[in-house]
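There are 4 protein chains.
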Amino acid sequence: MSSLPPPPDIVRSAYAALVVTSLPEARRFWVDLLGFVVTDEDASSLYLRGYDELTHHNLILRSGPVAAAGALGFRVRSVADLSRAEEFYGALGCRTERVPAGFARGQGETVRAEDPLGFLVEFFAASAHPERLQQRYDLRRGAEVARLDHFNICVPDVPVAYEHYKSLGFGLSETIEDGRTLYAAWMYRKQTVHDVAFTGGAGPRLHHLGFFAHEPHSVLRMCDILGSLSLESCIERGPGRHGVSNAFYVYLRDPDGHRLEVYTSDYYTGDPDHPVLRWSVLDPRRRDFWGNAVIPSWYSEASAVLDLDGKPRPVIDIAQTAEVTVGADGFTVPAE
Amino acid sequence: MSSLPPPPDIVRSAYAALVVTSLPEARRFWVDLLGFVVTDEDASSLYLRGYDELTHHNLILRSGPVAAAGALGFRVRSVADLSRAEEFYGALGCRTERVPAGFARGQGETVRAEDPLGFLVEFFAASAHPERLQQRYDLRRGAEVARLDHFNICVPDVPVAYEHYKSLGFGLSETIEDGRTLYAAWMYRKQTVHDVAFTGGAGPRLHHLGFFAHEPHSVLRMCDILGSLSLESCIERGPGRHGVSNAFYVYLRDPDGHRLEVYTSDYYTGDPDHPVLRWSVLDPRRRDFWGNAVIPSWYSEASAVLDLDGKPRPVIDIAQTAEVTVGADGFTVPAE
Amino acid sequence: MSSLPPPPDIVRSAYAALVVTSLPEARRFWVDLLGFVVTDEDASSLYLRGYDELTHHNLILRSGPVAAAGALGFRVRSVADLSRAEEFYGALGCRTERVPAGFARGQGETVRAEDPLGFLVEFFAASAHPERLQQRYDLRRGAEVARLDHFNICVPDVPVAYEHYKSLGFGLSETIEDGRTLYAAWMYRKQTVHDVAFTGGAGPRLHHLGFFAHEPHSVLRMCDILGSLSLESCIERGPGRHGVSNAFYVYLRDPDGHRLEVYTSDYYTGDPDHPVLRWSVLDPRRRDFWGNAVIPSWYSEASAVLDLDGKPRPVIDIAQTAEVTVGADGFTVPAE
Amino acid sequence: MSSLPPPPDIVRSAYAALVVTSLPEARRFWVDLLGFVVTDEDASSLYLRGYDELTHHNLILRSGPVAAAGALGFRVRSVADLSRAEEFYGALGCRTERVPAGFARGQGETVRAEDPLGFLVEFFAASAHPERLQQRYDLRRGAEVARLDHFNICVPDVPVAYEHYKSLGFGLSETIEDGRTLYAAWMYRKQTVHDVAFTGGAGPRLHHLGFFAHEPHSVLRMCDILGSLSLESCIERGPGRHGVSNAFYVYLRDPDGHRLEVYTSDYYTGDPDHPVLRWSVLDPRRRDFWGNAVIPSWYSEASAVLDLDGKPRPVIDIAQTAEVTVGADGFTVPAE
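Chains as they are written, first to last, in the working numbering: chain A, 81 to 416; chain B, 81 to 416; chain C, 81 to 416; chain D, 81 to 416.
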C-alpha cells in the first residue's frame with residue numbers, strides 16, 4: 081500500500097444513483113411519501129435532495145429495465161482531487177473515466193471508477209447551489225430528510241474493505257467484531273459516525289442509503305404515514321435505536337426493493353484522536369440497542385451494483401464468518 | 081339559585097362560531113396554515129374540525145362585515161336536555177330560541193340562549209359523524225389540531241361567572257386568586273382541566289378558543305411554519321408551559337385578530353373528588369411556568385361577542401381587581 | 081341479564097395488585113428504573129403511583145411465594161356504590177367480601193368480588209390524596225408514568241367478557257373481529273379508549289397493565305435506559321404505534337414476568353354516541369400500525385390471577401378461534 | 081495580514097473556564113440541575129463535560145472572589161500547533177505563555193494568549209479520554225448536554241473580530257448586517273454553524289457558552305425543571321427557534337450571571353464552498369424565528385474576561401452601530 085499515490089481529499093458521501101423500473105412509482109415513494117425535494121428532472125431521471133442540502137442532489141433516480149444501484153458519489157475538496165482520484169484508482173489497476181460537467185445535472189466534471197471492492201464510485205468537486213430550503217418548514221413533508229448521511233455496502237471481506245477506505249483517509253468510528261473476525265465497520269470523512277459502512281455479506285451490493293433527519297419525530301411520522309396508506313410493508317426494520325452510532329432509525333424498502341434508512345441523532349467525530357467504539361458480535365444491543373432481533377431480509381437482501389458500462393457486477397459469496405451465523409440475534413442458520 | 085330548574089346535562093364544549101371579514105383570508109389561515117379539516121362549506125361559511133373530531137365541526141367561520149365571536153356551542157347528552165336548557169335559561173330571565181336541525185350544517189335541533197354573562201351559547205344533542213381521520217397521518221398539516229378543547233372568556237366579574245357555571249354542573253380544576261379576589265377560574269364537564277375558563281377583564285368578550293394537539297412538536301412546528309412564511313406576527317404569546325393546566329401552549333391571532341391557543345398535554349379530572357389547584361396571583365409561574373412575562377395585548381385584547389340578533393353586545397368594564405394591576409408579570413399599570 | 085340489580089357507578093380503572101417473588105427486585109424495576117412514585121410501603125408491600133395520580137396508588141406490589149396478579153381495582157363514584165357492587169355480583173352468584181378502610185393503605189372501605197370471568201375485582205370510593213407531583217419535573221425518572229390507564233385481560237370467550245362489562249355500563253370503543261368471531265374488545269368508563277380490554281386466550285389471566293405517559297419520548301427513553309443497563313431483555317414488544325387506540329406503546333416484562341405497557345396518545349371517547357372502530361383481524365395494522373409482527377410470547381404468556389383466598393384460579397383454554405391462528409401477523413401455528 | 085506566520089490548525093472550540101463566587105452554588109446549578117458530568121474536581125475547581133464528550137472537560141469552574149470568564153479553550157490538531165500558536169500570536173504582538181501538561185487537569189501542554197480582541201485563549205492538543213457515557217441513558221439528567229458547541233463573545237467592532245478569526249482559518253456561516261454595518265457573525269472550524277460568534281457590544285466580554293443537546297425535548301425539560309423548583313428566573317430568553325443557525329434554544333443564567341445556551345439542531349457546514357447566509361438586521365426572525373422580541377438584558381449583560389494574570393480586562397464601548405438601536409426587536413433606545 082505504501083507505494084500508492086496520494087488519494088483524493090474526500091469531503092463526504094454526497095449522492096447515490098439508483099436504477100428504478102418505474103420512475104412514476106419511484107417518484108410517488110421518494111417524493112410524495114418520503115418528501116424528498118426535486119431539484120431537477122428529465123424524462124428518465126429525477127434529481128432529489130434533502131431540505132438542508134446545499135449541493136444539487138443527494139439521490140439520482142434513473143429509469144431502467146432492471147433495478148440496481150448505480151454510482152456512489154463522493155464530493156472532493158477541489159478540482160485537483162479529480163486527477164488524484166484517477167491516479168489513485170489507476171494505480172490500483174481499476175478502470176476509471178472522466179466525464180464532463182453536466183454528465184449529471186448540476187454537477188461539475190466527474191471522475192468515475194470501478195473500485196477494488198466492485199463498486200462504481202464517482203468524485204466531483206463542483207456543484208450548483210439550489211435554493212436553501214432548510215427554513216421552509218411550510219414545505220416539509222414525509223420523513224423530512226435533511227441530507228444524505230452514508231452508504232452501507234455489503235462486502236464479502238470486511239477487512240479488505242476497511243483497508244481500502246483507510247487508504248482513502250477514512251477514520252474508523254465503530255466496529256462489530258470478536259477475537260477472530262471483523263464483522264462490520266463504520267468509517268468517516270465528515271465529522272459524523274460514517275460516510276460508509278461495511279456489512280459482511282455476498283457482494284458487491286448496496287445494503288442501504290442512510291439519510292439524516294433532525295428529530296426522532298420524523299422517523300415515527302414516516303412510519304405513521306406509511307401505515308395510514310396501508311403501505312406498512314415498506315417498513316422493513318425498526319424503528320429502533322442502534323447500538324452502533326446511537327442513532328434512532330428505521331429501514332424502508334422502495335418499490336424496487338432498494339433499502340434506505342432514516343437516521344437521526346449521530347455524534348461528532350472530528351477530533352484527531354477520536355476513539356474507536358468496538359462492539360462484540362454477541363452483544364444483542366449492537367444492531368438494536370433495545371434488543372429487538374434483526375429481520376432476516378435485512379441480512380440477506382441488498383441491491384446489485386453496476387459497472388462503468390452499466391452492467392451488473394457479479395456477486396461473490398461472503399468470504400468470512402457471517403455475523404448472522406455466530407449466535408447473534410437468535411439466528412441459528414445462515415440467512416441465505 | 082336553589083329554585084332553578086335542573087340544568088341541561090352538558091357533555092363538553094364542542095364548537096364556536098366566529099365572524100370573519102374575509103372568508104378567503106380566514107380559510108388560508110385556519111385551513112391552509114393551521115391544517116383544520118374542512119367538513120363542509122357554502123358561500124358564506126366554513127365548517128372545520130380537528131383530526132380526531134367525530135362530530136361535524138369544532139369551528140364555524142362565517143363571513144360578515146365586522147369581526148366578532150358568535151355562539152359558543154356545547155354538546156348535551158340527549159334531546160331532552162334541549163328543553164332543560166330552555167327552562168334553565170328561561171328561569172334566569174334569558175332570551176332563548178330553538179332552531180331546527182340544519183340551522184348549522186350537520187347539527188341537530190339546537191337551543192340558543194343569551195346567557196347571564198352576556199354570551200351567546202348553543203346546545204345541541206345530535207351531530208352527523210364525518211369520516212374518521214385520526215389515523216390519516218398522510219393528511220395532517222400545520223398544528224395538527226385534534227379537537228376543540230375549551231373556551232376562554234373575559235368577564236368583568238369572575239365570581240359571578242364561576243357561580244353561573246357551577247350551577248350548570250361544571251367542576252372547578254384550577255384558580256388564580258389571593259386572599260381577597262378570584263382572578264381567574266378553570267371549569268370542566270369532560271374529564272380535562274376545562275371546557276371553559278374565565279379571565280377577569282372587560283366583557284363579555286371571547287378571549288380565545290383552545291384547540292387540543294397531541295404533541296409539543298405540533299406547537300413548535302406551527303410556529304416554524306409561520307416563521308417560514310414571514311407570518312411570525314401571528315404568534316402573540318409563547319410557546320411556553322402553563323403553570324395552570326401544565327399544558328404546553330402557543331397563542332396565535334387570526335387575520336381578524338381572533339385568538340386561538342394550540343394546547344397540548346392536559347390531565348385527567350374525572351374523579352368525583354378531584355382536588356382544586358389554587359395558584360397565587362403573585363406566582364410568576366401561574367401563567368407561564370418558565371416565568372416569561374405575559375404579553376400586554378394578551379391581557380387587553382379580545383373578540384366582541386354577538387347576541388341572538390347578531391348585534392355586538394356592549395362591553396362592561398372589569399368590576400374587580402385586575403390580575404395585571406397587582407404586580408403579577410412585572411406590569412405596573414393597567415393593560416388597558 | 082334484565083333482572084340484574086343496577087351496577088355500581090364505576091369511575092375508572094384505578095389500581096392493580098401484583099404478587100412478586102422478590103420485593104427488592106420489583107422495587108428496582110418499578111421504582112428505580114421505571115420511575116414509579118412510592119406513596120407508601122411496609123415490609124411486604126409497596127404502594128406506587130404515577131406523577132399525575134391524585135389517589136393513593138396505581139399499583140400495589142406484594143411479596144409472595146408465587147408470582148400472580150391480585151385484584152384489579154376500580155374506583156366508584158360514591159360509598160353507596162359499594163353496596164351496589166355487593167348486590168350486583170351477589171345476583172351473579174359471585175363470592176364477595178367487604179373489607180374496612182385501610183385494608184389497602186390510603187384506601188377507604190372496599191368491596192371485593194370474584195367476578196364471572198374469574199378475576200378478583202375490588203371497588204372503593206374513598207382515597208387519601210397524596211402530594212401533587214405533576215409539576216415536579218425535577219423528580220421525574222424512567223418512563224415518567226402519569227397514571228394507570230387500563231387492564232388488559234386474557235379471557236377464553238371474548239363475547240362473554242364483552243357482555244359482562246357492558247352490563248357494568250362500559251362503552252365499547254374498538255374491536256378486532258371478522259364476520260364470525262369477536263377476537264378482542266376495548267371498553268371504557270372514563271373518557272379514554274379503555275379501562276379494560278379483552279384478549280382472547282387461556283384465562284382468566286392478566287395480560288398487562290397499561291400505564292399512561294404524556295409523550296412518545298418517555299417510551300423511547302425507557303427503552304434507552306434499559307439498553308444502557310443491558311436490561312434490553314425486559315423489552316418484549318415495540319416500541320410501536322397501535323392501530324387499535326392509535327397509541328404509541330412499548331411492552332415490558334418485570335422480574336416476575338408481569339407485563340406492563342407504557343402507553344401514550346389515546347383519544348377522547350366521552351360523547352354519548354361515540355362510534356365504535358372495528359378492525360379486521362386480517363389487517364396487519366390492527367396490533368401494530370407499522371405492520372411489525374406481534375412477538376409470540378405476547379400472545380401466549382400472561383399472569384395467573386388469584387381468588388379471594390389468594391389461591392391461583394384455574395386456567396381454562398381458549399373457547400373460540402384464536403387471533404393468532406387465522407393468518408394474522410404471519411403466524412401459522414397456535415402460539416401455545 | 082499577509083506577513084503573519086501560519087495559524088495553528090484549530091479543530092474546534094473545546095472548553096471554557098468560568099470564575100464563580102460560590103463553587104457549591106455553581107455545582108448545584110451546573111451539575112445537579114443542568115446535569116453536567118463531573119470528570120474531576122479539587123477544592124477550588126470542577127471539571128465538567130457533556131454526555132458525548134470524549135475529552136476531559138468542556139467547562140472548568142474555578143472558585144474566585146469576582147465572577148468572570150477565564151480562558152476560551154480550542155483544541156488544535158497536533159502538538160506542533162502549539163508552537164504555531166505562540167508564533168502566530170507573538171507576531172500579532174500578543175502576550176503568550178506555555179504551561180505544562182496538568183496545568184488544567186486531564187489536559188496536555190497548553191499555550192495561552194491574550195488575543196487581539198482582548199480575550200484569553202488557550203490551545204491544547206492532548207487530552208485524557210474519560211469514560212464514554214453517550215449511551216448511559218440511565219445517568220442523564222437536566223438539559224442532557226452532549227458537548228460544548230460554541231463561544232459567543234461581545235466585541236466593540238465586529239469586522240475586526242471577523243478578520244481576526246478569518247486569519248485563524250475560520251469559515252463564515254451566517255451574518256446579521258445591512259448595507260453599511262456587520263452587526264454579528266458566526267464562524268466555524270468544526271463542521272457546524274459555529275465555534276465562535278461575535279455580538280456587537282461593549283467588550284471584550286463573554287456573551288454566552290453554547291452547549292449542544294440532541295433534542296428539543298431537552299430544552300423544554302430543562303425549563304420545566306427550573307420552573308418546578310421556582311428557579312424560573314434563571315431562564316433569561318426563550319425557548320425559541322433561532323433564525324440564524326435554525327437551532328432551537330434557551331438562554332439560562334447561572335448563579336453568578338454567566339449565560340449559557342442550550343442549543344439543539346444545527347446543520348452541516350463542511351463543504352469547501354459552504355454558502356454564507358446573510359440576515360438583514362431588520363428581519364425580526366434573525367434572532368428569533370417566531371418574532372419574539374429579544375430580552376433587553378440579553379443585549380446589555382455579559383461576563384467580564386480575564387487576562388493572563390487573572391485580572392479583568394477593561395471594557396471598551398461599542399465602536400459601531402448597535403443592532404439594538406436600528407429598529408430591530410422593537411427597541412427604540414440603546415439597551416445600555
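Glycine included, every Cβ here is placed at the ideal spot set by N, Cα and C.
Proximity winner among the options, relative to residue i (alpha-carbon distances)
i, options, result
"VAL225/A", "TYR268/A, ALA205/A, GLU341/A", "GLU341/A"
"PHE36/A", "PRO88/A, ASP218/A, GLY307/A, ARG366/A", "Residue 36/A lies beyond the stretch modelled for chain A, which goes from 81 to 416, so this question has no answer here."
"PRO284/A", "GLY153/A, GLY130/A, PRO145/A, ASP397/A", "ASP397/A"
"ASP389/D", "SER102/D, TRP110/D, GLU194/D, ASP132/D", "GLU194/D"
"ALA94/C", "SER83/C, ASP122/C, PRO104/C, LEU134/C", "LEU134/C"
"LEU213/D", "ALA97/D, ARG227/D, LEU262/D, HIS354/D", "ARG227/D"
"PHE231/D", "VAL118/D, PRO376/D, ALA96/D", "ALA96/D"
"THR45/B", "LYS270/B, HIS322/B, ASP122/B", "Residue 45/B falls outside the range modelled here, since chain B spans only 81 to 416, and no answer is possible."
"LEU162/D", "ALA149/D, VAL179/D, ALA151/D", "VAL179/D"
"ASP387/C", "PRO376/C, TYR127/C, SER124/C, ALA149/C", "ALA149/C"
"GLU211/B", "PHE183/B, ILE375/B, ARG129/B, PHE203/B", "ARG129/B"
"HIS288/C", "LEU152/C, ASP368/C, ARG220/C, SER83/C", "LEU152/C"
"ASP304/A", "PRO376/C, ARG365/C, PHE278/C, TYR245/C", "ARG365/C"
Neighbourhood of residue i by C-beta, 8 Å cutoff - its chain only, sequence neighbours within 5 removed
i, result
"LEU306/D", "LEU113, GLU312, CYS314, ILE315, LEU332"
"THR344/B", "PHE292, ALA293, HIS294, GLU295, PRO296, SER298, VAL299, ALA327, PHE328, TYR329"
"MET81/D", "With a pLDDT of 46 at MET81/D, under the threshold of 50, the predicted position of this residue should be treated as unreliable, though the coordinate-derived value follows. Here the set comprises GLU243, SER247."
"VAL100/B", "ALA106, LEU141, ARG142, SER143, GLY144, ALA147, ASP334, PRO335, ASP336, HIS338"
Residues bridged to residue i [DSSP beta-bridge criterion]
i, result
"HIS288/B", "ASN232/B"
"TRP378/A", "DSSP, once it has assigned bridges, lists no residue as partnering TRP378/A."
"ALA282/C", "DSSP output for ALA282/C lists no bridge partner at all."
"SER207/B", "GLN187/B"
"VAL99/C", "ARG142/C, ALA148/C"
"MET267/B", "LEU252/B, VAL276/B"
"TYR331/C", "ARG317/C, GLU341/C"
"PHE125/B", "It should be pointed out that residue 125/B corresponds to Ser in this sequence rather than to Phe. Note: SER125/B sits in a beta bridge opposite ASP122/B, ARG142/B."
"ILE90/A", "VAL156/A"
"ILE396/D", "GLY283/D"
Nearest-angstrom Cβ-Cβ length linking residue i and residue j, presumed shorter than 8 Å
i, j, result
"VAL156/B", "VAL91/B", "6 Å"
"GLU434/A", "ARG164/A", "Chain A is shown only over 81 to 416; residue 434/A falls outside these bounds and no answer can be derived."
"VAL385/B", "GLY144/B", "Contact flag wrong, Cβ pair sits at about 13 Å."
"LEU139/B", "PHE116/B", "7 Å"
"GLY320/D", "TRP370/D", "6 Å"
Cβ neighbours of residue i in the same chain (closer than 6 Å, five flanking residues each side left out)
i, result
"GLU254/B", "TRP266, VAL324, LEU357"
"PRO85/C", "GLU167, PHE168, ALA171"
"PRO239/A", "LEU262"
"GLY251/B", "TYR268"
"ARG367/B", "VAL374"
Residues near residue i in its chain [Cβ-Cβ closer than 7 Å; skip 5 each side]
i, result
"PRO236/D", "ALA282, GLY283, ILE396, ASP397, ILE398, ALA399"
"THR272/C", "ASP229, ASP346, THR349"
Exercise for review: Spell out a yes or no on whether the region 249-264 of chain B and the region 168-178 of chain B are touching, meaning 3 or more CB-CB pairs, one atom from each, closer than 8 Å.
Suggested key: no
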